[in-house]
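Undergrad: Before I ask anything, here is the structure I am working with.
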Amino acid sequence: MVTATAALARDEDSIHRTLLELGRPVFVVRDGQGVALTIDETAARTAQVLAVVPALRPETLGDAAFRTAHGVTHAYHAGAMANGIASAALVTALANAGFLASYGAAGVVPAKVDAALTRIRRDAPGKPFACNVIHSPSEPALERATVDACLRHTVTCVEASAFLDLTPEIVRYRLTGLTPDGRARHRIIAKVSRAEVAERFLRPAPEPLVRALLDAGEVTAEQAAAARRVPVADDITAEADSGGHTDRRPLTVLLPELIALRDRVQRELGYATPVRVGAAGGIGTPAAAAAAFALGAAYVVTGSINQATVEADQSETTKRLLAGAGVADCEMAPSADMFEMGVDVQVLKRGTMFPGRAKKLYDVYRTFDGVENLPADVRAELEERILRRPLADVWQDCVRFFTERDPGQIARAEGNPKRRMALIFRWYLGLSSGWSISGAPDRTADYQIWCGPAMGAFNDWVAGTYLAAPAHRHAAELASQLMRGAAFAARVHQLRLAGVRLPAASATYVPTPGRQS
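If you count by our numbering, then the sequence shown holds residues -9 to 507, one letter each, in order.
Next up, the structure:
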């Protein structure tokens, strides 16, 4: 029989074990021996109760409406990573474990998107998942092909990313899932980093876009009418300092701004179901996830940390580089899909020379009107050190590539030396992520690895634990440990707000095998 005295936790280890009982309330009590913690209500009645914090399970974090709408057990979303890095295997593993995940369709040819969606449907039958639809101004055909694939495979949720404005394709996806009474069968999670973009997704689809889709026979008159009563998105993800496309805004500024914007639009339009706002960028530790929930996030989104998981479609070489990254090992570099616009993406700089080489290409693009105008020394540097091929050969590769993928790209480059130069340089930017995925041994210095500081924070958190090794980093395991750790961190925060001082060692969640939500 356990005595009341034995049930009181006073030392670091017993306090830590008590705090880990997330499904039970924790009582802070004082008796003749001092202050202690307990989960035993009988023991608590034998002493003076100073504070109580309720049970706090990982499944209760965030907005219950997010879990219900998406049919998942946790308010957690593994965001898309382009070029299929967020693979069918990764999505399947998370879906079968009760988490939402997006397939990384950006940059993937339509046939491979079809194959991936078929595999997810087969390996996670009936389980919810999402597919990424990325805005690619330079390749509109791919955006349409991805939406077509989602409609063919009855994908009921897409993650819209990198949008600067609404496009006909993302609106078409939303509207084709509307019922006459305004219920939306097609859900959209819009990942944004600016309030003006968020507002476009928070409001109904613009009338001109809807009218054009109606005139083209893409939507019905009933769907066009219902579009006036629903927002374009169900969820808005505030994307802070993340890997890939990012404005590197602080989450503590961006998330409250978008929540306040959502509230203003909701007061104005009075949707039956308010749009939810989640948090992405920098979510690599339990403390970061708990902080996002404390700021009002309906859900949290992870990205960079999932690249180093077993299921991610990244090479073992790249996963080792990611596992060795620190919080300061990231840098901005020109993006492949928005190269001409001067848009950057955040990448890993440790172990690769890609950031410097990509910036060199953009500097050359800005300075000269075409490859024919390049000085001999500049041309030699590009061909020998960066492209490692003659410019003429690279152009022929571009012709072959876009003839299959998007012939309009070649047509628009005819008679336009500047555009032709952009396509040649995008050849390098596009292949660099492919070299990372395949682990091309002769191109390690050119790996483009999308990565944010969350990767380094995660590595610091798991240092010395079983999750330090990439071979142990399974996507569902990371999700479970992160959410359990977030609940633990939130419980510690609640006690501190009540004025309870906890020993430092007892207030830190350390991932342990088998300890999941």
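Each residue gets a CB set at the ideal place from its N, CA and C atoms; glycine is no exception. Just so it is clear, the structure is predicted and the values come from calculations on it, not from any experiment.
Under a Cβ-count criterion, where at least 16 other Cβ atoms within 10 Å of its own Cβ denotes burial, should residue 324 be classed as buried or exposed?
TA: With 16 or more Cβ atoms within 10 Å of its Cβ, residue 324 is classed as buried.
Undergrad: Rounded to whole angstroms, how far is the Cβ of residue 228 from the Cβ of residue 290, which I believe are closer than 8 Å?
TA: Not confirmed; about 10 Å, so no contact.
Undergrad: Any contact of the segment 230 to 242 with the segment 254 to 274, i.e. 3+ C-beta pairs under 8 Å?
TA: Touching, yes, given that three or more Cβ pairs across the two stretches are closer than 8 Å.
Undergrad: Does the pairing of the segment 24 to 33 with the segment 50 to 61 give three or more beta-carbon distances under 8 Å?
TA: Touching, no, given that fewer than three Cβ pairs across the two stretches are closer than 8 Å.
Undergrad: Excluding the 5 residues preceding and the 5 following residue 84 in the sequence, name in chain order all residues of the same chain whose CB lies nearer than 6 Å to its CB.
TA: Counting only Cβ-Cβ distances below 6 Å, and skipping sequence neighbours, we find 68, 91, 465 and 466.
Undergrad: Does the segment 333 to 353 come into contact with the segment 472 to 483, if we say contact requires no fewer than three beta-carbon pairs (one atom in each stretch) closer than 8 Å?
TA: No: fewer than three Cβ pairs fall under 8 Å.
Undergrad: Spatial neighbours of residue 8 within its chain, please: C-beta separation below 7 Å, excluding the five flanking residues on both sides.
TA: The answer, listed in chain order, is -1, 16, 27, 28 and 29.
Undergrad: Should residue 38 go down as buried or exposed, given a rule of 16 or more other Cβ atoms within 10 Å for buried?
TA: So residue 38 counts as exposed.
Undergrad: Would residue 313 and residue 447 qualify as a contact pair, given that the criterion is a beta-carbon distance under 8 Å?
TA: Contact: no.
Undergrad: Whole alpha helix (DSSP H) runs in the segment 98 to 158 with 4 or more residues, listed along the chain?
TA: Taking only runs of at least 4 residues, the alpha helix (DSSP H) segments lying wholly in the segment 98 to 158 are 100 to 113 and 130 to 142.
Undergrad: Assign residue -9 to one of three DSSP states: helix, strand, or coil.
TA: Bear in mind that a pLDDT of 38 at residue -9, under 50, signals an unreliable position, so the model cannot answer this.
Undergrad: By the three-class DSSP mapping on this structure, what secondary structure does residue 438 have?
TA: Coil at residue 438, not helix or strand.
Undergrad: Measure the C-alpha to C-alpha separation of residue 286 and residue 476 and round it to an integer number of angstroms.
TA: Going from the Cα of residue 286 to the Cα of residue 476 covers about 14 Å.
Undergrad: Going by DSSP, what residue range makes up the beta strand (DSSP E) through residue 324?
TA: Where residue 324 is concerned, the enclosing beta strand (DSSP E) stretches over 320 to 324.
Undergrad: Do the CB positions of residue 41 and residue 485 come within less than 8 Å of each other?
TA: Going by C-beta atoms, residue 41 is nearer than 8 Å to residue 485.
Undergrad: Among 46, 5 and -3, whose alpha-carbon lies nearest the alpha-carbon of residue 31?
TA: Comparing Cα positions, the closest option is -3.
Undergrad: Tell me the DSSP secondary structure of residue 17 in three-state form.
TA: Residue 17: strand per DSSP, three-state reduction.
Undergrad: Among the residues of its own chain, which have a CB less than 8 Å from the CB of residue 391, if the five just before and after it don't count?
TA: Same-chain partners within the cutoff: 417.
Undergrad: To the nearest angstrom, report how far apart residue 200 and residue 214 are at their CA atoms.
TA: Each residue's alpha carbon lies about 6 Å from the other.
Undergrad: Enumerated in chain order, which unbroken segments of the alpha helix (DSSP H) with a length of 4 residues or greater are wholly contained in the segment 239 to 267?
TA: If we require 4 residues or more, the alpha helix (DSSP H) runs fully inside the segment 239 to 267 come out as 241 to 259.
Undergrad: Could you tell me which residues DSSP puts in a beta bridge with residue 226?
TA: Paired residues: 180 and 267.
Undergrad: So what does residue 334 bridge to, in DSSP terms?
TA: Residue 334 is bridged to 324.
Undergrad: Out of 337, 450, 141 and 137, point me to the one whose CA is closest to residue 96's CA.
TA: Of the candidates 337, 450, 141 and 137, the one whose C-alpha sits nearest the C-alpha of residue 96 is 137.
Undergrad: How long is the line joining the alpha carbons of residue 194 and residue 256, rounded to whole angstroms?
TA: When rounded, the distance between both Cα atoms is 12 Å.
Undergrad: Between residue 235 and the ligand COA, is the CB less than 7 Å from at least one heavy atom?
TA: With respect to the ligand COA, the structure offers nothing, as it holds no ligand at all.
Undergrad: Roughly how many whole angstroms lie between the Cα atoms of residue 453 and residue 469?
TA: Straight-line Cα distance between these residues: approximately 17 Å.
Undergrad: Note down, in chain order, each residue of its chain lying with its Cβ closer than 8 Å to the Cβ of residue 415, except the 5 sequence neighbours on either side.
TA: Closer than 8 Å at the Cβ level, and outside the excluded window around residue 415, lie 329, 351, 352, 354 and 355.
Undergrad: When you compare only the Cα positions, how much space is there between residue 192 and residue 148?
TA: For residue 192 and residue 148, the distance between alpha carbons rounds to 16 Å.
Undergrad: Among 338, 400 and 397, which has the Cα closest to the Cα of residue 435?
TA: Cα-wise, what sits closest to residue 435 is 338.
Undergrad: Indicate whether residue 367 and residue 407 have their beta-carbon atoms separated by less than 8 Å.
TA: No, Cβ-Cβ distance for residue 367 and residue 407 is not below 8 Å.
Undergrad: Do the CB positions of residue 170 and residue 216 come within less than 8 Å of each other?
TA: For residue 170 and residue 216, yes; Cβs fall inside 8 Å.
Undergrad: Determine, using beta carbons only, whether residue 120 and residue 78 come nearer to each other than 8 Å.
TA: For residue 120 and residue 78, no; Cβs fall outside 8 Å.
Undergrad: Whose C-beta lies closer than 6 Å to the C-beta of residue 2 among residues of the same chain, with five residues either side of it excluded?
TA: Once the five neighbours on either side are set aside, the close Cβ partners of residue 2 are 493, 495 and 496.
Undergrad: Specify, as a first and last residue, the run of the alpha helix (DSSP H) that residue 308 falls within.
TA: 306 to 313 is the extent of the alpha helix (DSSP H) around residue 308.
Undergrad: How many angstroms separate the CA atom of residue 316 from the CA atom of residue 442?
TA: In a straight line, the C-alpha of residue 316 is about 10 Å away from that of residue 442.
Undergrad: State the start and end residues of the unbroken alpha helix (DSSP H) segment that holds residue 297.
TA: Neither: residue 297 is in no alpha helix (DSSP H) and is coded neither H nor E.
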